[in-house]
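Each remark here refers to the structure printed beneath this line.
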Amino acid sequence: TPTYLAPEVLDRKGHGLPSDVWALGCVLYTVLVGSPPFEGAQQQELYQRIRAAQYPLPAHLSPRARALLALLLAPEP
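Per UniProt numbering, the sequence shown starts with residue 1, numbered consecutively.
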(Lines of atoms letter the chains of each structure in order from A and count residues from 1; the text may use other names and numbers.)
(Lines give C-alpha, C1' and ligand atoms only; values in the text may rest on other atoms or scores of the structure.)
Protein backbone atom coordinates (compact mmCIF):
# COMPACT_ATOMS: atom_id res chain seq x y z
CA THR A 1 0.00 0.00 0.00
CA PRO A 2 1.22 3.56 -0.60
CA THR A 3 1.37 4.37 3.13
CA TYR A 4 4.18 1.82 3.59
CA LEU A 5 6.36 2.84 0.62
CA ALA A 6 9.92 3.78 1.51
CA PRO A 7 11.32 7.10 0.26
CA GLU A 8 13.86 5.35 -1.97
CA VAL A 9 11.08 3.33 -3.60
CA LEU A 10 9.08 6.52 -4.22
CA ASP A 11 12.17 8.05 -5.83
CA ARG A 12 12.69 4.94 -7.98
CA LYS A 13 16.07 4.15 -6.42
CA GLY A 14 15.23 0.49 -5.99
CA HIS A 15 14.09 -1.86 -3.28
CA GLY A 16 16.29 -3.66 -0.80
CA LEU A 17 17.01 -4.14 2.87
CA PRO A 18 16.57 -0.43 3.73
CA SER A 19 13.06 -0.40 2.28
CA ASP A 20 12.24 -3.57 4.21
CA VAL A 21 13.46 -1.91 7.42
CA TRP A 22 11.26 1.09 6.58
CA ALA A 23 8.24 -1.19 6.10
CA LEU A 24 8.99 -2.83 9.47
CA GLY A 25 8.98 0.64 11.03
CA CYS A 26 5.61 1.38 9.44
CA VAL A 27 4.14 -1.87 10.75
CA LEU A 28 5.58 -1.32 14.25
CA TYR A 29 4.21 2.23 14.31
CA THR A 30 0.78 0.97 13.26
CA VAL A 31 0.80 -1.66 16.02
CA LEU A 32 1.88 0.86 18.68
CA VAL A 33 -0.31 3.77 17.59
CA GLY A 34 -3.29 2.15 15.87
CA SER A 35 -2.92 4.00 12.57
CA PRO A 36 -0.27 4.26 9.85
CA PRO A 37 2.58 6.73 10.38
CA PHE A 38 1.96 8.51 7.10
CA GLU A 39 -1.41 9.73 5.93
CA GLY A 40 -2.47 12.46 3.54
CA ALA A 41 -5.65 13.70 1.96
CA GLN A 42 -3.97 13.56 -1.45
CA GLN A 43 -1.38 11.12 -2.74
CA GLN A 44 1.20 13.89 -3.27
CA GLU A 45 0.76 15.06 0.34
CA LEU A 46 1.27 11.48 1.53
CA TYR A 47 4.44 11.14 -0.54
CA GLN A 48 5.82 14.45 0.78
CA ARG A 49 5.32 13.26 4.35
CA ILE A 50 7.03 9.96 3.58
CA ARG A 51 10.03 11.66 1.95
CA ALA A 52 10.39 14.00 4.94
CA ALA A 53 9.70 11.22 7.48
CA GLN A 54 7.04 13.51 8.91
CA TYR A 55 4.86 11.50 11.28
CA PRO A 56 3.21 12.26 14.63
CA LEU A 57 4.62 10.76 17.82
CA PRO A 58 1.81 10.37 20.36
CA ALA A 59 2.67 11.19 23.97
CA HIS A 60 1.96 7.64 25.15
CA LEU A 61 4.98 6.22 23.28
CA SER A 62 7.96 5.46 25.49
CA PRO A 63 11.34 7.06 24.77
CA ARG A 64 12.65 3.66 23.64
CA ALA A 65 9.75 3.21 21.20
CA ARG A 66 10.33 6.72 19.84
CA ALA A 67 14.05 6.02 19.37
CA LEU A 68 13.40 2.72 17.61
CA LEU A 69 10.85 4.30 15.28
CA ALA A 70 13.31 7.10 14.48
CA LEU A 71 15.90 4.50 13.46
CA LEU A 72 13.49 2.42 11.40
CA LEU A 73 11.82 5.40 9.72
CA ALA A 74 14.97 7.33 8.84
CA PRO A 75 14.51 8.87 5.36
CA GLU A 76 18.19 8.30 4.51
CA PRO A 77 19.04 4.74 5.61
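Beta carbons are placed, not taken as given, at the ideal position from N, Cα and C, and that holds for glycine.
Is the CB-CB distance between residue i and residue j below 8 Å?
i, j, result
"P36", "A52", "no"
"L46", "P2", "yes"
Is it right to say residue i is buried, meaning 16 or more other beta carbons lie within 10 angstroms of its own, or is it exposed?
i, result
"A70", "exposed"
"S19", "buried"
Roughly how far, in whole angstroms, is the beta-carbon of residue i from the beta-carbon of residue j, given that I think they are within contact range, below 8 Å?
i, j, result
"L57", "R64", "With 8 Å as the limit, L57 and R64 do not qualify as a contact, their Cβ atoms being about 13 Å apart."
Legend entry - Completely contained alpha helix (DSSP H) runs for the UniProt domain "Protein kinase" (1-77), where each covers 4 or more residues: DSSP runs (the alpha helix (DSSP H)) wholly in the UniProt domain "Protein kinase" (1-77): 7-10, 17-33, 43-52 and 63-72.
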